[in-house]
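Sequences listed follow chains X and H, in order.
The first sequence: position 81 = 81 (this note's numbering), numbered continuously.
Start counting at 1 in the second sequence, then tack on 264, and there's your number in this note's numbering.
The structure appears right after this line, and notes come after that.
2 protein chains.
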Amino acid sequence: MPLSQSALITKLNTYAPLTSEEIASLTEVQSKPIVVRRGKELFHEGQHGQMVFIVQRGWASSYKDVPDGGRQIINFAIPGDCVGLRSVLLKESDHAFSALTDSTLRTIDAVRMTQLFEDFPRLRAGFLWSAARDEAMALEHLVGIGRRSAISRVAHFFLELAERLTLVGLATETQFHCPLNQYVLGDALGLSAIHVNRVLRGLRERGLLTVKSGVVLIHDLQGLGEIANYHSLNPRSQVSGSSQTGPPTQSLPTARLPNTRSDN
Amino acid sequence: MPLSQSALITKLNTYAPLTSEEIASLTEVQSKPIVVRRGKELFHEGQHGQMVFIVQRGWASSYKDVPDGGRQIINFAIPGDCVGLRSVLLKESDHAFSALTDSTLRTIDAVRMTQLFEDFPRLRAGFLWSAARDEAMALEHLVGIGRRSAISRVAHFFLELAERLTLVGLATETQFHCPLNQYVLGDALGLSAIHVNRVLRGLRERGLLTVKSGVVLIHDLQGLGEIANYHSLNPRSQVSGSSQTGPPTQSLPTARLPNTRSDN
DNA sequence: CGACGCTTTGACACAACTCAACAACCGTGG
DNA sequence: CCACGGTTGTTGAGTTGTGTCAAAGCGTCG
Numbered sequence: 001m002p003l004s005q006s007a008l009i010t011k012l013n014t015y016a017p018l019t020s021e022e023i024a025s026l027t028e029v030q031s032k033p034i035v036v037r038r039g040k041e042l043f044h045e046g047q048h049g050q051m052v053f054i055v056q057r058g059w060a061s062s063y064k065d066v067p068d069g070g071r072q073i074i075n076f077a078i079p080g081d082c083v084g085l086r087s088v089l090l091k092e093s094d095h096a097f098s099a100l101t102d103s104t105l106r107t108i109d110a111v112r113m114t115q116l117f118e119d120f121p122r123l124r125a126g127f128l129w130s131a132a133r134d135e136a137m138a139l140e141h142l143v144g145i146g147r148r149s150a151i152s153r154v155a156h157f158f159l160e161l162a163e164r165l166t167l168v169g170l171a172t173e174t175q176f177h178c179p180l181n182q183y184v185l186g187d188a189l190g191l192s193a194i195h196v197n198r199v200l201r202g203l204r205e206r207g208l209l210t211v212k213s214g215v216v217l218i219h220d221l222q223g224l225g226e227i228a229n230y231h232s233l234n235p236r237s238q239v240s241g242s243s244q245t246g247p248p249t250q251s252l253p254t255a256r257l258p259n260t261r262s263d264n
Numbered sequence: 265m266p267l268s269q270s271a272l273i274t275k276l277n278t279y280a281p282l283t284s285e286e287i288a289s290l291t292e293v294q295s296k297p298i299v300v301r302r303g304k305e306l307f308h309e310g311q312h313g314q315m316v317f318i319v320q321r322g323w324a325s326s327y328k329d330v331p332d333g334g335r336q337i338i339n340f341a342i343p344g345d346c347v348g349l350r351s352v353l354l355k356e357s358d359h360a361f362s363a364l365t366d367s368t369l370r371t372i373d374a375v376r377m378t379q380l381f382e383d384f385p386r387l388r389a390g391f392l393w394s395a396a397r398d399e400a401m402a403l404e405h406l407v408g409i410g411r412r413s414a415i416s417r418v419a420h421f422f423l424e425l426a427e428r429l430t431l432v433g434l435a436t437e438t439q440f441h442c443p444l445n446q447y448v449l450g451d452a453l454g455l456s457a458i459h460v461n462r463v464l465r466g467l468r469e470r471g472l473l474t475v476k477s478g479v480v481l482i483h484d485l486q487g488l489g490e491i492a493n494y495h496s497l498n499p500r501s502q503v504s505g506s507s508q509t510g511p512p513t514q515s516l517p518t519a520r521l522p523n524t525r526s527d528n
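The following block contains the structure:
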């Protein structure tokens, strides 16, 4: 069984060990591998998406277009990731999904997915748990864009990416391949591509991280963790961004409580 | 049955009509109403939150603190809203949750919730659908903060709020009560309170919207919809922000595709 | 070789933040 | 009744982070 196939299983196993029957059924409901070229739109916002995609090889992204011509990337999907669960629940997709590189994916039809979940409640629980985890990442993303400086955002992004890639064996402690150019990074981080460039230069000059021809080198995990104030998704591999070190990059406003009675 | 109690049921009914047995059980698993003062923290980030909160009266907020002293509000909970489902799935909460006004809530214990979902799959489906809807809102929020100008964000925020409040009978077409001060708004919208003030002035001067002593008055729904580029959560009550009208407030960068082959 | 995609840099503009001060409002207590 | 402090809203002046525009450098590939 190829790595990328087992990636999803490994992930679900983290939640609760799967029986061989569950694994067999999960494999069985999946379509044959689909190979797509980079740029291929798998589904668009508003589409009545009745299927889930599982990435086996390559990178993809979930995003929303804004009418002014820009877009916001919500999440990058890497091998082992499952995209579109929420779209199935909502009957129509609230975001678009495209391949960033040439990729291989499998799909699961919504109906078969539903059936699978009825037959194997533990699989349902596992998928829900995985979806909850993705949502937690999206929230962290929200906080980053809303309340963190550009440099902190970028540092945070690469740390999270490194951790995710490590989980599926696509990164070592200090380096990984990353096919995202600065335009794409900008769209993900809510920055202009040019500013991404400046921030990357800053990180490079501080000796923290280098991005060169599609390869990310992490020179100073600790230092990055401090700038990013990164908290690992996995409790064990905590980077421990010491919360009191260094001058705050930027001080941000704290809200006082509203002083209103409830009269609803 | 008080309005606020029926709000959740109404919401779930939108997904699929509930039987009286389902309604009875849903009511039965809930705790007695809990009355809290404004500022009360219901749970904090990282807490092993084994319960779900349902707001009956008052306003609350989900948020994450950032170490620099700022925070990002993820969502406001209004009567009928259910908070903490994801926390139950993840075993620990990825955000904090506090009352913004004096409020009344009910809780559902995680264990009883699980049992309820096993007994009534349609209730489970309803809750999941509701959660998916909340997440769709959070994503829209993400896009707003990442890719929209301040004025567009604020306009969008109030339109969405108006729609949500209308659904539970707490707003009319043109006005509603809103206990959020400018500091809180800033924390939600990724802006400083002072800038919120300036943006509100802008909206007022354009004759679009007024906020005065806790009451929001919408003067020009159409105009707001255009600035916000708002798309209704409910397909029927579309505000139809005409996508081609007016000069773009701000033009934003579009990413080109990365030119990298997949070699994962 | 030229075309293309991507990165890098500089100069400049502007949106949003900070600091500081003041005004309006409200409940409390003298 | 008025003085008071606390909270919130308003405004101005100055700063800064980030976006825009423009141009050049540099691999890679056909």
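A virtual CB, placed ideally from N, CA and C, is assigned to each residue, including glycine.
Treat the numbers as computed from the prediction; the structure is a model and nothing was measured.
DSSP three-state assignment for residue 172/X, whether helix, strand or coil: Your numbering for residue 172/X matches position 172 in the first sequence. In the structure shown, residue 172/X falls within a coil segment according to DSSP collapsed to helix, strand and coil.
Helix, strand or coil at residue 461/H [DSSP, three-state]: Working through the second sequence from its first residue, we reach residue 461/H at position 197. The DSSP-derived three-state label of residue 461/H is helix.
Continuous alpha helix (DSSP H) stretch holding residue 426/H: start and end: On the second sequence, residue 426/H is found 162 positions in, with the first residue counted as 1. 414 to 431 is the extent of the alpha helix (DSSP H) around residue 426/H.
Neighbour flag for residue 287/X against chain H, beta carbons, 7 Å: With chain X covering 1 to 264 only, the question about residue 287/X has no answer from this structure.
Within 7 Å, strictly: CB atoms of residue 293/H and residue 354/H: For the purposes of this step, residue 293/H is taken as the residue at position 29 of the second sequence. For the purposes of this step, residue 354/H is taken as the residue at position 90 of the second sequence. Not closer than 7 Å, so no.
With 16 other Cβ atoms within 10 Å as the buried cut-off, status of residue 79/X: Residue mapping note: residue 79/X aligns to position 79 of the first sequence, counting from 1. Residue burial is scored here from C-beta neighbours: residue 79/X has at least 16 other C-beta atoms within 10 angstroms and is therefore classed as buried.
Proximity test, Cβ basis, 7 Å: residue 415/H and chain X: As a working note, residue 415/H is residue 151 in the second sequence. Chain X contact via Cβ: absent.
Contact set between residue 399/H and chain X, taken where Cβ atoms lie within less than 7 Å: What you label residue 399/H is simply residue 135 of the second sequence in a count that begins at 1. Neighbours of residue 399/H on chain X, chain order: 86, 135.
Below-7 Å beta-carbon distance, residue 246/X vs any chain H residue: Taking the first sequence and counting its residues from 1, the one referred to as residue 246/X is at position 246. Reliability of the predicted coordinates at residue 246/X is poor, the pLDDT of 34 falling under 50, and the value obtained from them is presented with this limitation in mind. Contact of residue 246/X with chain H is not assigned, every C-beta pair being separated by 7 Å or more.
Short Cβ contact (7 Å threshold) for residue 326/H with residue 364/H: To locate residue 326/H, count along the second sequence from 1; it is residue 62. To locate residue 364/H, count along the second sequence from 1; it is residue 100. It is not a contact, given that the beta carbons lie outside the stated cut-off.
Spatial distance of residue 96/X from residue 296/H (CA atoms): Along the first sequence, one-based indexing puts residue 96/X at 96. Along the second sequence, one-based indexing puts residue 296/H at 32. Going from the Cα of residue 96/X to the Cα of residue 296/H covers about 42 Å.
Within chain X, the residues that residue 410/H reaches when beta carbons sit closer than 7 Å: Position 146 of the second sequence, counting from 1, holds the residue named residue 410/H. Under the 7 Å cutoff, chain X gives 72, 145, 190.
Cα-Cα separation, residue 236/X to residue 167/X: For the purposes of this step, residue 236/X is taken as residue 236 along the first sequence, with counting starting at 1. For the purposes of this step, residue 167/X is taken as residue 167 along the first sequence, with counting starting at 1. A caution first: residue 236/X carries a pLDDT of 44, below 50, which makes its placement in the model unreliable, though a value can still be read off. Cα-Cα distance, rounded: 13 Å.
Simplified DSSP state of residue 329/H, which is helix, strand or coil: Residue numbering aside, residue 329/H sits at position 65 when the second sequence is read from its first letter. Strand, per DSSP.
Sequence-distant residues of the same chain with beta carbon closer than 8 Å to residue 144/X, five excluded per side: The sequence position of residue 144/X within the first sequence is 144, counting from 1. So the qualifying residues of the chain are 152, 153, 156, 157, 189.
Close beta carbons around residue 241/X, own chain, < 6 Å, minus the five adjacent residues each side: The residue you call residue 241/X lines up with position 241 of the first sequence. Legend: pLDDT at residue 241/X = 39, less than 50; position of this residue unreliable, no value from coordinates given.
Endpoints, alpha helix (DSSP H) assigned at residue 221/X: Indexing the first sequence from 1 puts residue 221/X at position 221. Where residue 221/X is concerned, the enclosing alpha helix (DSSP H) stretches over 221 to 228.
Beta-carbon proximity check, residue 52/X vs residue 81/X, cutoff 7 Å: The residue labelled residue 52/X in the question sits at position 52 within the first sequence. The residue labelled residue 81/X in the question sits at position 81 within the first sequence. Taking C-beta atoms as the reference points, residue 52/X and residue 81/X fail to come closer than 7 Å.
Whether residue 176/X touches residue 165/X by CB criterion (7 Å): Within the first sequence, residue 176/X is the residue found at index 176, counting from 1. Within the first sequence, residue 165/X is the residue found at index 165, counting from 1. With a cutoff of 7 Å on beta-carbon distance, residue 176/X and residue 165/X are scored as near each other.
Three-state secondary structure assigned by DSSP to residue 177/X: Taking the first sequence and counting its residues from 1, one reaches residue 177/X at position 177. Strand at residue 177/X.
Proximity of residue 483/H and residue 466/H at Cβ, strictly below 7 Å: Sequence index remark: in the second sequence, residue 483/H carries index 219 (1-based). Sequence index remark: in the second sequence, residue 466/H carries index 202 (1-based). No, the Cβ-Cβ distance between residue 483/H and residue 466/H is not below 7 Å.
DSSP state of residue 476/H mapped onto helix, strand, coil: On the second sequence, position 212 is the one that residue 476/H refers to. Reduced to three states, the DSSP call for residue 476/H is strand.
Alpha carbon of residue 444/H to alpha carbon of residue 186/X, nearest angstrom: As a first step, residue 444/H is located in the second sequence; it is residue number 180 there, counting from the start. As a first step, residue 186/X is located in the first sequence; it is residue number 186 there, counting from the start. For the pair residue 444/H and residue 186/X, the Cα-to-Cα distance works out to about 32 Å.
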